[in-house]
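Presented below is the structure to which this report refers.
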Amino acid sequence: MMIDAQTFPTPAGELSVLVRDGVVVAAGFTAEPKELFARLSPELRAEGLAVVDDLGAPARAVRAYLDGDLTALDAIPVRQPGSPIRQRLLTALRAVPAGTTVTYAELAERAGLPRGAARAAGTACSQNLVAPFVPCHRVLPASGRVGAYYYGTPVKEWLLAHES
Numbered sequence: 644m645m646i647d648a649q650t651f652p653t654p655a656g657e658l659s660v661l662v663r664d665g666v667v668v669a670a671g672f673t674a675e676p677k678e679l680f681a682r683l684s685p686e687l688r689a690e691g692l693a694v695v696d697d698l699g700a701p702a703r704a705v706r707a708y709l710d711g712d713l714t715a716l717d718a719i720p721v722r723q724p725g726s727p728i729r730q731r732l733l734t735a736l737r738a739v740p741a742g743t744t745v746t747y748a749e750l751a752e753r754a755g756l757p758r759g760a761a762r763a764a765g766t767a768c769s770q771n772l773v774a775p776f777v778p779c780h781r782v783l784p785a786s787g788r789v790g791a792y793y794y795g796t797p798v799k800e801w802l803l804a805h806e807s
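Heads up: the sequence shown is residues 644 to 807, going by my numbering.
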């Protein structure tokens with residue numbers, strides 16, 4: 644089984660999406676799918692990478708999201724590695740509705756962790772392999788500023804503006 648990749652133009656730059664057997668295993672704002680592929684586990688990288696013209700449901704969801712259906716990405720299955728705590732944080736993150744934001748402490752609470760687990764929430768966001776399907780851009784520091792984003796602050800600002 645191969646990892647299939649497709650790249651989409653967006654107002655924030657190219658978005659590459661990698662799919663294995665209908666499940667998104669990596670996504671991010673880069674024109675080069677190989678950059679995302681390199682972040683996958685050795686087991687997944689051993690399967691190889693193929694650039695395709697149409698990923699099917701994930702491609703339709705990306706296009707719908709870009710056209711304004713802000714819930715389109717929610718129905719697409721995703722998978723990424725991590726401890727049970729990280730999985731709880733990623734699940735809670737995926738439940739943050741478009742057009743809203745939470746702080747890292749609030750994300751920790753939503754995952755059933757103490758507010759003091761904000762650092763764990765930040766780590767989960769920084770290691771998120773499937774942005775924007777798992778919308779780490781919706782998490783802001785307690786200061787209320789936009790904060791950092793793996794793909795750059797301008798991309799995060801565009802995503803927040805698109806969803807507001």
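Even for Gly, the Cβ is constructed at its ideal location relative to N, Cα and C. These numbers were taken from a predicted model, which means no experiment stands behind them.
Cutoff 7 angstroms; reference residue i; Cβ partners in own chain excluding five residues on either side
| i | result |
| --- | --- |
| ILE719 | VAL667, ALA700, PRO701, ALA704, PHE776 |
| ASP664 | MET644 |
Start-to-end residues for the alpha helix (DSSP H) that takes in residue i
| i | result |
| --- | --- |
| LEU692 | From DSSP, LEU692 is part of no alpha helix (DSSP H) but of the beta strand (DSSP E) over 692 to 694. |
| ALA804 | 796 to 806 |
| LEU679 | 676 to 680 |
Beta-carbon gap between residue i and residue j smaller than 8 angstroms
| i | j | result |
| --- | --- | --- |
| LEU713 | ALA735 | no |
| VAL798 | TYR747 | no |
| ARG682 | LEU772 | yes |
Residues that DSSP places opposite residue i in a beta bridge
| i | result |
| --- | --- |
| PHE651 | LEU658 |
| THR746 | LEU783 |
Limits of the beta strand (DSSP E) - the one that residue i falls within
| i | result |
| --- | --- |
| GLY755 | Careful: GLY755 lies outside any beta strand (DSSP E) and carries neither H nor E. |
| ALA669 | 666 to 671 |
Sequence-distant residues of its chain with Cβ nearer than 8 angstroms to residue i (five each side left out)
| i | result |
| --- | --- |
| SER807 | GLY742 |
**Prompt:** Whole beta strand (DSSP E) runs in the stretch 684 to 736 with 3 or more residues, listed along the chain?
**Reply:** 692 to 694
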